[in-house]
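Here the protein sequences come in this chain order: D and A. Under the working numbering, the letters of the first sequence match residues 68 to 183, in that order. Under the working numbering, the letters of the second sequence match residues 47 to 161, in that order. Even for Gly, the Cβ is constructed at its ideal location relative to N, Cα and C. Remarks on the structure that follows.
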Amino acid sequence: EAGVVQSPRYKIIEKKQPVAFWCNPISGHNTLYWYLQNLGQGPELLIRYENEEAVDDSQLPKDRFSAERLKGVDSTLKIQPAELGDSAVYLCASSFGQTAGANVLTFGAGSRLTVL
Amino acid sequence: AQSVTQLDSQVPVFEEAPVELRCNYSSSVSVYLFWYVQYPNQGLQLLLKYLSGSTLVKGINGFEAEFNKSQTSFHLRKPSVHISDTAEYFCAVSAISGSARQLTFGSGTQLTVLP
Numbered sequence: 068e069a070g071v072v073q074s075p076r077y078k079i080i081e082k083k084q085p086v087a088f089w090c091n092p093i094s095g096h097n098t099l100y101w102y103l104q105n106l107g108q109g110p111e112l113l114i115r116y117e118n119e120e121a122v123d124d125s126q127l128p129k130d131r132f133s134a135e136r137l138k139g140v141d142s143t144l145k146i147q148p149a150e151l152g153d154s155a156v157y158l159c160a161s162s163f164g165q166t167a168g169a170n171v172l173t174f175g176a177g178s179r180l181t182v183l
Numbered sequence: 047a048q049s050v051t052q053l054d055s056q057v058p059v060f061e062e063a064p065v066e067l068r069c070n071y072s073s074s075v076s077v078y079l080f081w082y083v084q085y086p087n088q089g090l091q092l093l094l095k096y097l098s099g100s101t102l103v104k105g106i107n108g109f110e111a112e113f114n115k116s117q118t119s120f121h122l123r124k125p126s127v128h129i130s131d132t133a134e135y136f137c138a139v140s141a142i143s144g145s146a147r148q149l150t151f152g153s154g155t156q157l158t159v160l161p
C-alpha cells in the first residue's frame with residue numbers, strides 16, 4: 068500500500084513569491100490534515116478535512132494561506148505571498164474513521180520550504 | 047484545550063542501555079495518548095497508543111509506555127536501545143470527545159544512541 072505522498076520534497080523561493088504543496092493521502096482515508104513543523108518543534112495543525120469539508124481551519128493564517136481538497140482525495144496547500152517566517156516543513160497526514168481522537172495518522176515525508 | 051510537555055529535548059544514551067523519554071500532558075477532559083517517531087528526512091510514524099484498558103502499552107521496536115492518570119504522564123521506555131533507535135520522538139494527545147479532538151504534539155525529544 069502506498070503511503071501518503073507529498074511533493075515537492077524541497078522548495079526554495081524568495082520572499083513574496085507564491086508556493087504550493089500537494090498531498091495524495093492513502094486510498095480510502097477520509098480525513099486529511101496539514102501540519103506545520105518548525106525546526107526543533109512538534110507539528111502544529113493548520114487544517115483538517117473530513118472528505119472535502121474543512122472542519123477545523125482555526126490555525127490556518129487565512130490572509131496568506133489557502134487549502135483545498137477537491138473531490139475529497141488530493142489536497143493542495145498554498146502560500147501567497149511567502150514570508151521569511153514561513154520557512155518550515157509542511158506535513159500532510161491522513162486517517163480513516165469517524166472517531167477523530169483515536170485515529171492513527173499516517174504522515175507523508177513532508178515538504179521543506181526555505182524562504183530567502 | 048490540551049497541552050504536552052516533553053521534559054527533555056535531547057537524550058544521549060549508550061547502545062544497549064535502557065532509556066526513558068518523559069512526557070506529561072494537561073487536559074480538562076479524558077484523552078487518548080500517542081508516541082510517534084520521526085527518522086531523519088521521514089514522516090512521523092506511530093510507535094504506540096493508549097486508548098483504554100491496560101495502562102502499560104507495548105509498541106513496535108521493543109518500546110513500551112505507561113499511562114499514569116494521577117501524574118498525567120505517559121513516559122516511553124525501552125530496556126535496551128540500538129543505534130537504529132536514533133530519531134526524534136514525539137508525544138501527542140487528543141481529547142476523547144468534544145470539538146477539540148485534534149492531535150496536539152509535544153516539542154519532541156531527540157534520542158541519540160552512542161556506540
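Interface flag, residue i vs chain D, CB-CB below 8 Å
i: A:Ser-153; result: yes
i: A:Gln-48; result: no
i: A:Tyr-78; result: yes
i: A:Gln-180; result: The displayed coordinates of chain A run from 47 to 161. Any statement about residue 180 of chain A would go beyond what the structure contains.
The beta strand (DSSP E) enclosing residue i, as first and last residue numbers
i: A:Pro-58; result: 56-60
i: D:Phe-132; result: 132-135
i: A:Gln-156; result: 155-160
i: D:Lys-78; result: 77-80
i: D:Asp-123; result: 120-123
i: A:Ser-72; result: 69-72
i: D:Ala-87; result: 86-91
Cutoff 8 Å: residue i Cβ touching any chain A Cβ
i: D:Phe-163; result: no
i: D:Ala-176; result: yes
i: D:Ala-69; result: no
i: D:Ala-155; result: no
Distance CB(residue i)-CB(residue j) smaller than 8 Å
i: A:Phe-120; j: A:Tyr-96; result: yes
i: D:Gln-84; j: D:Pro-128; result: no
i: D:Ser-162; j: D:Val-156; result: no
i: A:Thr-155; j: A:Ser-55; result: yes
CA-to-CA distance, residue j to residue i, given in whole angstroms
i: A:Tyr-78; j: A:Glu-66; result: 20 Å
i: A:Lys-115; j: D:Asp-123; result: 28 Å
i: A:Ile-129; j: A:Glu-62; result: 9 Å
i: A:Arg-123; j: A:Leu-160; result: 17 Å
Give, in chain order, every residue of the region 108-139 of chain D whose Cβ lies closer than 7 Å to some Cβ of chain A.
-> Gln-108, Gly-109, Pro-110, Leu-112, Arg-115, Asp-123
Residues, ordered as in the chain, of the region 61-88 of chain A that lie near chain D by beta-carbon distance below 9 Å | Val-77, Tyr-78, Phe-80, Tyr-82, Gln-84, Asn-87, Gln-88
Residues of the region 95-117 of chain A with Cβ closer than 7 Å to any Cβ of chain D, in chain order | Lys-95, Leu-97
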